[in-house]
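Worksheet: one structure, shown below.
Following this line, the structure appears as structure tokens:
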């Protein structure tokens with residue numbers, strides 16, 4: 033395959049992956065989530081390099097399968113997935129578009145990850161960064177639990193509109 | 033029944049298994065809370081942390097399996113070893129106890145793991161360094177969760193305070209093992225694989241003391257008891273947890289779903 037055709041195939045694959053939803057947060061695509069690190073041709077196959085979000089994320093294997101299926105369905109296969117652990121995934125890689133889609137879906141997007149760690153160094157007595165309610169926009173909110181329905185989210189509630197909501201944890 | 037696998041005597045392998053087994057066994061203990069935690073949010077939190085730990089164990093055990101001439105995979109290492117070939121510190125295998133016990137153990141072990149992952153980011157084994165980079169972020173959340181709860185329970189009611197003190201009296205003797213360095217640590221340190229656990233003692237004590245100070249919980253003195261899980265010599269509780277974990281793979285070899 034010549035260079036132009038290869039570039040087209042890789043570009044088309046990126047476009048396809050931009051339509052593959054995250055299985056646990058289907059409002060955003062794998063590209064929005066920032067876990068697609070590279071797409072490249074390896075011989076006749078297309079290699080998609082993914083970075084896992086959490087060590088134990090049960091969606092990782094589903095994501096691998098849906099990537100291969102989507103590339104095949106678009107006629108760009110065969111495809112294979114490789115996992116790249118370093119550098120570790122951070123919520124800072126979620127695109128602006130992805131953040132907007134999260135908010136529209138009712139999930140408060142993550143704030144920026146603090147230098148040197150996702151959370152402040154102080155173990156006790158720390159102040160939580162304010163999280164705005166994705167429904168009414170109020171900053172008058174409180175955290176109910178640091179862990180939520182999936183590894184990547186925490187439970188919050190809005191004290192203004194009284195609605196509970198999920199917050200995508202900065203990590 | 034599926035036969036047990038044999039491990040080569042290799043200090044670097046044992047070093048990795050000590051880490052992987054800590055995550056595996058603690059993850060299993062936290063998983064026991066699923067459906068039993070005092071409130072729904074904590075049920076979810078404990079299951080989430082168990083999932084992180086199992087994920088970390090998968091990564092480390094896969095890497096450990098690569099170092100065996102038989103090229104074992106994560107499942108073989110997780111489910112087909114004899115008790116003496118598991119190397120988690122004994123603290124991880126103790127029965128889950130009440131919520132105060134679980135919170136305090138999580139605080140002690142997540143602090144220990146956090147300090148370990150921090151240093152393992154510089155491992156000469158790039159795969160281990162990559163796993164550590166991810167696991168560190170997770171361990172920080174686990175530590176904060178446990179510290180928040182220890183303060184709530186320690187400053188809570190008379191009953192919650194009493195339970196925290198009882199948990200501390202039970203758990204503290206097992207803390208000494210976390211820092212008891214031996215030839216395995218020396219070999220790992222010399223190879224650049226990871227730190228000797230002795231190096232974790234001071235920062236661990238500083239962080240634990242800071243949390244205890246919030247609720248005026250005195251740091252107990254170190255006694256003479258030494259548990260020996262990291263040598264493969266476990267408490268009477270280990271056989272039971274392994275029987276539960278291993279049953280399926282022993283009864284249905286290679287079973288998958």
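Protein chains in written order, with the working numbering: chain B, 33 to 203; chain Z, 33 to 289. The C-beta atom is built at its ideal place from N, Cα and C for all residues, glycine as well.
Note: residue 185 (chain B) is bridge-paired with B:200 in the DSSP secondary-structure output.
Excluding the 5 residues flanking it on each side, residue 257 (chain Z) has same chain C-beta neighbours closer than 6 angstroms at 205, in chain order. The C-beta of residue 65 (chain B) comes no closer than 8 angstroms to any C-beta of chain Z. Secondary structure at residue 63 (chain B): helix, using DSSP grouped into helix, strand and coil. For residue 55 (chain B), the closest alpha carbon among the candidates B:73, B:80, B:47, B:90 is that of B:90.
A check of alpha carbon separations from residue 154 (chain Z) across Z:221, Z:94, Z:133, Z:180 identifies Z:221 as the nearest. Under a 10 Å Cβ-count criterion, residue 125 (chain Z) is classified as buried, with 16 or more other Cβ atoms of the shown protein chains found around its own Cβ.
Not a single CB atom of chain B sits nearer than 8 angstroms to the CB of residue 64 (chain Z). With fewer than 16 other Cβ atoms from the protein chains shown falling within 10 Å of its own Cβ, residue 234 (chain Z) counts as exposed. Taken through DSSP and simplified to helix, strand or coil, residue 42 (chain Z) comes out as coil.
Taking 8 angstroms as the CB threshold, residue 87 (chain B) lines the interface with chain Z. In this structure, DSSP gives residue 168 (chain B) a state outside helix and strand, which the three-state scheme calls coil. The beta carbon of residue 241 (chain Z) sits closer than 6 angstroms to those of 251, all from its chain and outside the five residues before and after it, given in chain order.
What residue 179 (chain B) touches in chain Z, judged by beta-carbon distance under 9 angstroms, is 73, 74, 76, 77, 78, 79, 80, 81, 173, 177, going in chain order. When secondary structure is reduced to three states using DSSP, residue 190 (chain Z) falls in the helix class.
Neighbourhood of residue 203 (chain B) in chain Z, by CB distance below 7 angstroms: 169, in chain order. The C-alpha of residue 156 (chain Z) lies about 22 angstroms from the C-alpha of residue 170 (chain Z). Annotation: residue 177 (chain B) to residue 41 (chain Z) spans about 44 angstroms, alpha carbon to alpha carbon.
In the three-state DSSP reduction, residue 79 (chain B) falls in the strand class (E or B).
Among the bridge pairs identified by DSSP, residue 68 (chain B) is matched with B:82. Look at residue 84 (chain Z): its C-beta is under 8 angstroms from a C-beta on chain B.
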